[in-house]
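Respectively, the protein sequence lines represent chains A and B. Each residue of the first sequence is one higher than the last, beginning at 2 in my numbering. Each residue of the second sequence is one higher than the last, beginning at 661 in my numbering. Glycine included, every Cβ here is placed at the ideal spot set by N, Cα and C.
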Amino acid sequence: MLALLQVLASGIAIGCVYGLVALSFVLIYKATETVSFMQGELLMLGAFAALGLHLGAGLPLALAAAGAVASMALLGAGLERAVLRRAIGQPHLVAVLLTFGLGLMVRGGIAAVPVATQGMYRLPFADGSVQLGPLTLASGHLLVIGATVILAGLLALFFRFTRAGLALRACSEDARVAALMGVPVDRMHTLAWSLGAALAAVAGLLLAPITFVHLNMGLVALKAFPAAVLGGLTSLPGALAGGVFLGVVEAVAGLLLPEGVKDAVPYALLLVVLLLFPGGFAGGGARSGR
Amino acid sequence: MSAPGALRRVAPWLLLLLAAGVWLGPDYALGQATMVATYAIAGLGVVIVVGQAGQVTFGQGALVALGAYAEAVLAGRGVPVILSLPAAVALGAAGGALASLPAWRLGGLYFGMSTLAFALLVEEALVRWEGLTRGAAGLATPALALAGVALDAPLAQALASLATLLCALFFCRRLLASRLGRAWRAVREDEAAAEACGIDAARAKTLAFAVGGALSGLAGALYAHWIGFISPEQFGLMFSFELLMLAFIGGARRLAGAAWGALVIVAIPQGIAVLRDLLPGDWARAAGLEAMLFGAVIVAVVLLRPGGIAGRR
Numbered sequence: 002m003l004a005l006l007q008v009l010a011s012g013i014a015i016g017c018v019y020g021l022v023a024l025s026f027v028l029i030y031k032a033t034e035t036v037s038f039m040q041g042e043l044l045m046l047g048a049f050a051a052l053g054l055h056l057g058a059g060l061p062l063a064l065a066a067a068g069a070v071a072s073m074a075l076l077g078a079g080l081e082r083a084v085l086r087r088a089i090g091q092p093h094l095v096a097v098l099l100t101f102g103l104g105l106m107v108r109g110g111i112a113a114v115p116v117a118t119q120g121m122y123r124l125p126f127a128d129g130s131v132q133l134g135p136l137t138l139a140s141g142h143l144l145v146i147g148a149t150v151i152l153a154g155l156l157a158l159f160f161r162f163t164r165a166g167l168a169l170r171a172c173s174e175d176a177r178v179a180a181l182m183g184v185p186v187d188r189m190h191t192l193a194w195s196l197g198a199a200l201a202a203v204a205g206l207l208l209a210p211i212t213f214v215h216l217n218m219g220l221v222a223l224k225a226f227p228a229a230v231l232g233g234l235t236s237l238p239g240a241l242a243g244g245v246f247l248g249v250v251e252a253v254a255g256l257l258l259p260e261g262v263k264d265a266v267p268y269a270l271l272l273v274v275l276l277l278f279p280g281g282f283a284g285g286g287a288r289s290g291r
Numbered sequence: 661m662s663a664p665g666a667l668r669r670v671a672p673w674l675l676l677l678l679a680a681g682v683w684l685g686p687d688y689a690l691g692q693a694t695m696v697a698t699y700a701i702a703g704l705g706v707v708i709v710v711g712q713a714g715q716v717t718f719g720q721g722a723l724v725a726l727g728a729y730a731e732a733v734l735a736g737r738g739v740p741v742i743l744s745l746p747a748a749v750a751l752g753a754a755g756g757a758l759a760s761l762p763a764w765r766l767g768g769l770y771f772g773m774s775t776l777a778f779a780l781l782v783e784e785a786l787v788r789w790e791g792l793t794r795g796a797a798g799l800a801t802p803a804l805a806l807a808g809v810a811l812d813a814p815l816a817q818a819l820a821s822l823a824t825l826l827c828a829l830f831f832c833r834r835l836l837a838s839r840l841g842r843a844w845r846a847v848r849e850d851e852a853a854a855e856a857c858g859i860d861a862a863r864a865k866t867l868a869f870a871v872g873g874a875l876s877g878l879a880g881a882l883y884a885h886w887i888g889f890i891s892p893e894q895f896g897l898m899f900s901f902e903l904l905m906l907a908f909i910g911g912a913r914r915l916a917g918a919a920w921g922a923l924v925i926v927a928i929p930q931g932i933a934v935l936r937d938l939l940p941g942d943w944a945r946a947a948g949l950e951a952m953l954f955g956a957v958i959v960a961v962v963l964l965r966p967g968g969i970a971g972r973r
């Protein structure tokens, strides 16, 4: 029982990271119809940026983290203005290849820095553990869960109560009608990308105490796709819930099923869900995903 | 195609091969030509699925893997190539048909995600089924033997793969001019309109994946022989995307695009190797150069020449 609770906690924590990455993916997809295959690279870049600002430039950790997230938001906006804008209105594959190419460049850029490839780094926070009665929980896990809850709350407030949030929702509902109502659709696309990049960077920072910072940490984004699909690809709460669900299922599968099956579980689950609920859990049965 | 037309199309390739042979040495150039032809066959599969039938696939690498493993396992047990090669092609086609089944219910991006999941599951299965595939340790493949003669000289391998590529191109040309080819283009342009004209869209899609899978399986079988050693990580997600990039760089709408794309994909690592000797200091040893160049090339092609190298603009 105790073991199960601990496994559940770690599953929820890693699921929150999946969920955040899926959230960034869905945010971008909804607002701009662009499929981003570079969220994993953005996540890694965010973590490395914080690492560089903290260890390299000697900033205090909190400042370094804030700086990393802010610079990733700027990068996302810049990329949208310079390159990604060109993919709007084209087939999905064009955006996929464009973002994949950009991701390769980011990855190559980091790999070209000799220090970055020499091993795993840790960001020195949340590396203890917390005792709750008989239960021992890693404080990194608790931090991830807490931060995700706060972030989800902030995003909900943003979408509900601010002008920009409302405009962004209008854009994802129907870009043309939004434009006719006076919403600056171009600027909303930029905003969506900068939010998406910043969210990925936050996910990278939160992942840092769990898996450390290294070149392949972006692979976690591959689990975010099933999470996003589970949530129906167009629902922000769905993406987050899908991520947490996936994390828990994966953790429990690691406990119950034979060694090695765990890694295949998210994709098997994805195939099953796609076949049974073509619109995702949150999408409802009526919509086929075209 | 008229004879002068054929000559005009083949001539640049022969000149390229000749130039590479003079510059890099004949054996090396022939080895690279073998790889270009093999990649081009695999790329043809993507061109059929993506460029002709208009479907999304993120998992073509898994179909290449199926062909490669079928060939490696069968050839390792002494099955003659005349049996093992069709088996590899059939397994690739079956895998493609299987991967396309979700298309009966799903469209667009959802279906793309299902091909991604399919590819990752195949890769996982290849790692785990150790009794057959020897898992992550990989599988050695003997040289291709035709009628008792082992093809281990670079010239023989290049000729075999180029001949296979030409056959595949010819086959695809005929196929695209057929009823099925027209059905693919109709589905690509507008699925609802195609169905209204009496085209069975689901069947057309499944056949596109089967043909694409057969071509990729064939390429995988050749690849296993040329490389002589295969392991699951060679056919990971990166390889699937390499094939996708190949088709886009070359031009997914045209069959020749597969060949041009294969040339670029094979040439980039070689170009890096040349650059390494020219660049000074740390930059030469940096590991990320190749990924950066791949990324830059695909971004440049998508932005500047959306039809690919072979595409008309």
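(message) Can you confirm whether Pro227 of chain A, when its beta carbon is compared against all beta carbons of chain B, has any partner nearer than 9 angstroms?
(response) So, interface residue.
(request) Pick helix, strand or coil for Ser130 of chain A, following the three-state DSSP scheme. (result) DSSP places Ser130 of chain A in strand when its eight states are reduced to three.
(request) With distances taken Cα to Cα, identify the nearest neighbour of Ala1 of chain A among A:Leu24, A:Gly12, A:Ser11. (result) Because chain A in this structure spans residues 2 to 291, residue 1 of chain A falls outside the shown range and cannot be described.
(message) By the three-class DSSP mapping on this structure, what secondary structure does Val670 of chain B have?
(response) In this structure, DSSP gives Val670 of chain B a helical state, which the three-state scheme calls helix.
(message) Taking 9 angstroms as the threshold (C-beta atoms), are Ala753 of chain B and Ala870 of chain B in contact?
(response) In this structure, Ala753 of chain B lies closer than 9 angstroms to Ala870 of chain B by Cβ.
(request) Return the residue from the list B:Gln817, B:Leu761, B:Leu792, B:Ala803 that minimises the CA-CA distance to Ser986 of chain B. (result) The first residue shown for chain B is 661 and the last is 973, placing residue 986 of chain B beyond what the model contains.
(request) May I ask whether a heavy atom of the ligand HEM can be found less than 8 angstroms away from the beta carbon of Leu247 of chain A? (result) The ligand HEM is not part of the structure shown, which contains no ligands of any sort.
(message) For the pair the segment 695-714 of chain B and the segment 871-891 of chain B, tell me if three or more CB-CB distances fall below 8 angstroms.
(response) Cβ pair count under 8 angstroms is three or more, so yes.
(request) Just the C-alpha distance for Ala956 of chain B and Leu903 of chain B, rounded to the nearest angstrom, thanks. (result) So the two alpha carbons sit approximately 16 angstroms from each other.
(message) Using the Cβ count rule (16 or more neighbours within 10 Å means buried), how would you classify Gln715 of chain B?
(response) The C-beta of Gln715 of chain B has 16 or more other C-beta atoms within 10 Å across all chains shown, which makes the residue buried.
(request) Express the C-alpha separation of Lys31 of chain A and Ile925 of chain B in angstroms, rounding to a whole number. (result) Going by the C-alpha atoms only, they are around 33 angstroms apart.
(message) Going by C-alpha to C-alpha distance, which of B:Gly948, B:Trp683, B:Leu804 sits closest to Ile742 of chain B?
(response) Ranking B:Gly948, B:Trp683, B:Leu804 by Cα distance to Ile742 of chain B puts B:Leu804 first.
(message) Using the three-state DSSP reduction, which class does Phe889 of chain B fall into: helix, strand or coil?
(response) Reduced to three states, the DSSP call for Phe889 of chain B is strand.
(message) Quick check on the DSSP output: the beta strand (DSSP E) that includes Ala139 of chain A runs from which residue to which?
(response) Run containing Ala139 of chain A: 136-139, per the beta strand (DSSP E) assignment.
(request) Compare the C-beta of Phe213 of chain A with all C-beta atoms of chain B and state if any pair is closer than 9 angstroms. (result) By this cut-off, Phe213 of chain A is not an interface position.
(message) Between which residues of its own chain and Arg973 of chain B is the CB-CB distance below 7 angstroms, once the five residues before and five after are set aside?
(response) The predicted position of Arg973 of chain B is uncertain, since its pLDDT is 49 and thus under 50; a value taken from the coordinates is nonetheless stated next. Correct list, in chain order: Arg965, Gly967.
(request) Go ahead and label Trp920 of chain B buried or exposed: buried means 16 or more other beta carbons lie within 10 angstroms of its beta carbon, across all protein chains shown. (result) That one is buried.
(message) Tell me which residues share the same chain as Gly841 of chain B and place their Cβ nearer than 8 angstroms to its Cβ, disregarding the 5 neighbours each side in the sequence.
(response) Hits under 8 angstroms: Gln712, Leu835.
(message) In the DSSP output, which residue or residues are listed as bridge partners for Ala750 of chain B?
(response) Note: Ala750 of chain B sits in no beta bridge, so no partner.
(message) Taking the straight line between their C-alpha atoms, what separation do you get for Leu277 of chain A and Ser821 of chain B?
(response) Roughly 42 angstroms between the two C-alpha positions.
(message) Suppose you measure from the CA of Asp687 of chain B to the CA of Val249 of chain A; what does that come to, to the nearest Å?
(response) Using only the alpha carbons, I get a separation of about 54 angstroms.
(message) Can you pull out the residues from the segment 183-198 of chain A whose beta carbon lies closer than 8 angstroms to at least one beta carbon of chain B?
(response) Interface annotation for the segment 183-198 of chain A against chain B: empty, criterion Cβ-Cβ distance under 8 angstroms.
(message) 9 angstroms is my cut-off, CB to CB: does Met106 of chain A come that close to chain B?
(response) Cβ-Cβ to chain B under 9 angstroms: yes for Met106 of chain A.
(request) Measure the alpha-carbon distance for Leu220 of chain A versus Pro227 of chain A and round it to whole angstroms. (result) Taking the straight line joining both Cα atoms gives about 13 angstroms.
(request) Under 7 angstroms Cβ to Cβ from Leu825 of chain B, same chain only, skipping five residues before and after it: list those, please. (result) Take Leu825 of chain B, set aside five residues on each side of it, and the residues of its chain with a beta-carbon closer than 7 angstroms to its own are Ala697, Ala700, Ile701, in chain order.
(message) I need the boundaries of the alpha helix (DSSP H) containing Tyr30 of chain A, first residue and last residue.
(response) In the DSSP annotation of this structure, the continuous segment of the alpha helix (DSSP H) that includes Tyr30 of chain A starts and ends at 3-33.
(message) Quick check: Leu43 of chain A and Leu237 of chain A, are their CB atoms within less than 9 angstroms of each other?
(response) Going by C-beta atoms, Leu43 of chain A is not nearer than 9 angstroms to Leu237 of chain A.
(message) Please list, in chain order, the residues of the segment 868-895 of chain B that have any C-beta partner in chain A closer than 8 angstroms.
(response) So nothing in the stretch comes that close.
(request) Would you tell me roughly how many angstroms separate the C-alpha atoms of Leu781 of chain B and Phe101 of chain A, rounded to the nearest one? (result) Approximately 21 angstroms, taken between the alpha carbons.
(message) Give me, in chain order, the residues of the same chain whose beta-carbon lies closer than 6 angstroms to that of Ala818 of chain B; leave out the 5 immediate sequence neighbours on both sides.
(response) So the qualifying residues of the chain are Leu690, Ala693, Thr694.
(request) Check Val716 of chain B in the structure and name its three-state DSSP category. (result) Assignment of Val716 of chain B by DSSP, reduced to helix, strand and coil, places it in the coil class.
(message) Residues of the segment 267-280 of chain A in Cβ contact with chain B at a cutoff of 7 angstroms, in chain order, please.
(response) Listed in sequence order: Tyr268, Ala269, Leu271, Leu272, Leu275, Leu276, Pro279.
(request) Taking C-beta pairs closer than 7 angstroms, name the residues in chain A that Arg788 of chain B reaches, listed in chain order. (result) Within chain A, the residues Gly261 have their CB atoms less than 7 angstroms from the CB of Arg788 of chain B, given in chain order.
(request) Please list, in chain order, all residues of the same chain as Ala88 of chain A whose beta carbon is under 7 angstroms from its beta carbon, the five residues on each side excluded. (result) Apart from the 5 residues on each side of it in sequence, Ala88 of chain A sits with its Cβ closer than 7 angstroms to the Cβ of Thr35, Val95, Ala96, Leu99 in its chain, given in chain order.
(message) Within a Cβ cutoff of 6 angstroms, which residues of the same chain sit near Glu731 of chain B, ignoring the five residues on either side of it in sequence?
(response) Hits under 6 angstroms: Ser744, Ala748, Ala881, Ala884.
(request) To the nearest angstrom, report how far apart Ala846 of chain B and Leu105 of chain A are at their CA atoms. (result) Whole-angstrom Cα-Cα distance: 34 angstroms.
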